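Residue numbering for the sequence shown follows the numbering used here, starting at 7 and increasing by one per position.
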Amino acid sequence: MNAPAPLPFFTARVGDDGTQCDAWPEQPLLVSLEQGGIDWPSSCRNGTCRTCIGMLAEGQVRYEVEWPGLSPEEKAEGCVLPCVAYPLSDVKLEAPGI
7 MNAPAPLPFF
17 TARVGDDGTQ
27 CDAWPEQPLL
37 VSLEQGGIDW
47 PSSCRNGTCR
57 TCIGMLAEGQ
67 VRYEVEWPGL
77 SPEEKAEGCV
87 LPCVAYPLSD
97 VKLEAPGI
């Protein structure tokens, strides 16, 4: 009997200083960041307060909530809410203003 395949995971990089952690596709990016010891601002954890907003410089994410608290313009600019964003690939996040 074959063992089940290991769950895939991705890498989340933050900024340009080499900081990174594992990013699991079944949990929000914010949880992966916290588990990886990366300090990222957060508050509500449901996509409404926007405390955790950042820029998705590389990669792709998906949302399980229909309206994640971003305008269509913000989405087009690459804004992401890590508290409700799930990685679909390796990602690179930047804090606003970087």
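C-beta: ideal position from N, C-alpha, C; glycine also. Every value quoted in this text rests on a predicted model; they were computed, and no experiment measured them.
query	result
Taking only the alpha-carbon atoms, compute the straight-line gap between residue 57 and residue 41 and give it to the nearest angstrom.	18 Å
Leaving aside the five residues before and after residue 71 along the sequence, list all residues of the same chain whose C-beta is less than 7 Å from its C-beta, in chain order.	53, 90
Span of the alpha helix (DSSP H) holding residue 80?	78 to 83
Would you tell me roughly how many angstroms separate the C-alpha atoms of residue 78 and residue 22, rounded to the nearest one?	27 Å
Pop quiz: residue 68 and residue 35 are said to be a contact at Cβ under 8 Å. What is the actual Cβ separation, rounded to whole angstroms?	The pair is not a contact, with the Cβ atoms about 11 Å apart (cut-off 8 Å).
Can you say whether residue 82 is buried or exposed, counting buried as having 16 or more other CB atoms within 10 angstroms of its CB?	exposed
Please classify residue 60: is it buried, with 16 or more other beta-carbons within 10 angstroms of its beta-carbon, or exposed?	buried
Could you work out which residue in 38, 73, 85, 97 is closest to residue 143 when comparing CA atoms only?	With the chain covering only 7 through 104, there is no way to say anything about residue 143.
Please state the DSSP three-state secondary structure of residue 72.	coil
For the region 15 to 43, which segments carrying the beta strand (DSSP E) assignment without a break, of at least 3 residues, lie completely within its bounds, in sequence order?	16 to 20, 25 to 29
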